[in-house]
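One structure is given here, and the rest of the page talks about it.
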Amino acid sequence: MQAGTALVIEDDADIRALVAAVLAGSGFDVHQSGTGREVEALLEKHRPDLITLDLGLPDVDGVEVCRRIRETSDAYVIMLTARTEEGDRLIGLHVGADDYMSKPFSTRELQARVTALFRRPRHPSGPGTGGNHAPPASAVTPDLDLGGGLVIEQDRREVKVNGVAVPLTRTEFDLLVLFAQRAGQVWDRPSIVREMWQSDFQGSKNLVDAHVGNLRRKLDVASPGAVWIHTVRGIGFRLDPLS
Ligand code: CA
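Whatever position you read off the sequence shown (first residue = 1), add 624 for my numbering.
This is the structure in structure tokens:
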């Protein structure tokens with residue numbers, strides 16, 4: 625695995641130490657915090673590539689912390705939650721978390737999730753990456769033009785509609801690239817989960833649908849009424865370029 629910088633936000637000292645040990649074992653430079661209120665300063669200082677975020681923090685609600693993270697960072701965010709309500713997890717996904725895990729979880733499961741996130745193709749991007757993952761200068765990935773003014777600039781990890789950048793999370797960007805690489809073909813949900821996360825875990829249908837929903841909403845804001853991503857009932861999704 626490609627090492628990077630990780631930030632563990634968790635008030636339970638035992639769980640915090642466990643998560644930190646798992647991530648350190650995976651090669652990450654790990655920083656820790658027991659509270660949510662200093663998140664902005666921690667992001668500025670450490671510029672993490674990965675954040676594990678406890679939803680139940682004593683000072684600031686984890687959902688609010690996630691919202692603040694997304695104002696400045698495109699780090700991968702995995703929410704760790706003791707809450708069992710599906711709705712609570714979905715709220716986290718709607719404010720920009722990339723994945724979630726329920727407590728108690730196994731260290732092996734955490735490792736697998738992190739590996740899945742970082743297995744995705746990575747290129748330099750905006751705030752938060754620390755520039756640790758720049759490809760060789762010769763590695764130029766072509767832009768993908770999806771019609772209707774929508775262009776994916778793969779090397780910059782930017783999506784633009786009519787020249788204006790659309791603020792996507794890493795997962796939303798990765799999803800759009802996944803769809804665009806097989807434009808016109810149907811992606812079923814298990815295949816999406818296999819490509820983006822890992823092959824088998826509960827709640828994956830909701831995970832896919834929440835991220836696709838966020839992606840669609842942002843594209844619709846950028847170009848109201850234009851539809852690139854279609855739902856194929858009972859199967860999954862298909863991206864059709866506009867002409
Ligand atoms: Ca907690």
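Just so you know, even glycine gets a beta-carbon here, dropped at the ideal spot from N, CA and C. Keep in mind it's a predicted model, so treat the numbers as computed, not measured.
With a 10 Å radius around its C-beta and 16 neighbouring C-beta atoms as the bar for buried, classify residue i as buried or exposed.
i: Ser650; result: buried
i: Pro760; result: In this prediction, Pro760 has a pLDDT of 48, which is less than 50 and means its spatial position is unreliable; what the coordinates show is noted afterwards. Flag for Pro760 reads exposed.
i: Ala630; result: buried
i: Val654; result: buried
i: Thr731; result: exposed
i: Ile859; result: exposed
i: Ala834; result: buried
i: Gly716; result: buried
i: Val856; result: exposed
i: Asp798; result: buried
i: Pro848; result: exposed
i: Ser867; result: exposed
i: Thr686; result: Sequence check: residue 686 is Gly here, not Thr. Buried.
i: Val845; result: exposed
i: Glu695; result: exposed
i: Gly711; result: exposed
i: Leu770; result: buried
i: Thr739; result: exposed
i: Pro751; result: Caution is warranted here: a pLDDT of 37 is assigned to Pro751, below 50, making its placement in the model unreliable, and the coordinate value is therefore given only provisionally. By the neighbour-count rule (16 or more Cβ atoms within 10 Å), Pro751 is not buried but exposed.
i: Arg737; result: buried
i: Arg794; result: buried
i: Val785; result: buried
Secondary structure at residue i, three-state DSSP: helix, strand or coil?
i: Ile639; result: helix
i: Thr765; result: coil
i: Phe729; result: coil
i: Gln809; result: coil
i: Thr862; result: A quick correction: the sequence has Arg, not Thr, at residue 862. Strand at Arg862.
i: Gln656; result: strand
i: Glu634; result: coil
i: Asn756; result: Note that Asn756 scores a pLDDT of 43, beneath 50, so its modelled location is shaky; the value from the coordinates is reported in the next line. Looking at Asn756 - three-state DSSP - the assignment turns out to be coil, as it is neither helix nor strand.
i: Ala789; result: strand
i: Leu647; result: helix
i: Leu770; result: coil
i: Val845; result: helix
i: Val856; result: strand
i: Glu695; result: helix
i: Glu782; result: strand
Between the options, which lies nearest to residue i when the distance is taken from Cα to Cα?
i: Leu704; options: Leu666, Arg744, Leu642, Glu662; result: Leu642
i: Leu667; options: Ala846, Val632, Gly772; result: Val632
i: Ala637; options: Val832, Thr659, Phe652; result: Thr659
i: Met725; options: Ala706, Ala740, Thr739; result: Ala706
i: Thr676; options: Ile702, Gln809, Glu733; result: Ile702
i: Leu647; options: Arg661, Pro672, Ala665; result: Pro672
i: Glu662; options: Asp683, His854, Gly773, Leu674; result: Asp683
i: Gly787; options: Ile816, Val738, Asp767, Gln809; result: Asp767
i: Phe729; options: Ile639, Tyr700, Leu831; result: Ile639
i: Ile853; options: Arg713, Leu831, Val785, Gly808; result: Gly808
i: Arg743; options: Gly628, Leu831, Glu634; result: Gly628
i: Val764; options: Gly771, Gly772, Arg781, Gly773; result: Arg781
i: Leu714; options: Leu770, Arg737, Leu831; result: Leu831
i: His670; options: Gly680, Ala789, Ser697; result: Ser697
i: Asp678; options: Arg818, Lys727, Gln735, Arg737; result: Lys727
i: Val801; options: Glu664, Val783, Ser828, Leu741; result: Val783
i: Glu733; options: Leu843, Pro865, Trp821; result: Trp821
On the DSSP bridge list, what partners appear for residue i?
i: Met703; result: Leu677, Tyr724
i: Val775; result: Asp769, Lys784
Decide if the region 677-693 is in contact with the region 718-726; the criterion is three or more beta carbon pairs, one per stretch, under 8 Å apart. yes
Is the number of C-beta pairs between the region 828-840 and the region 770-777 that are closer than 8 Å three or more? no
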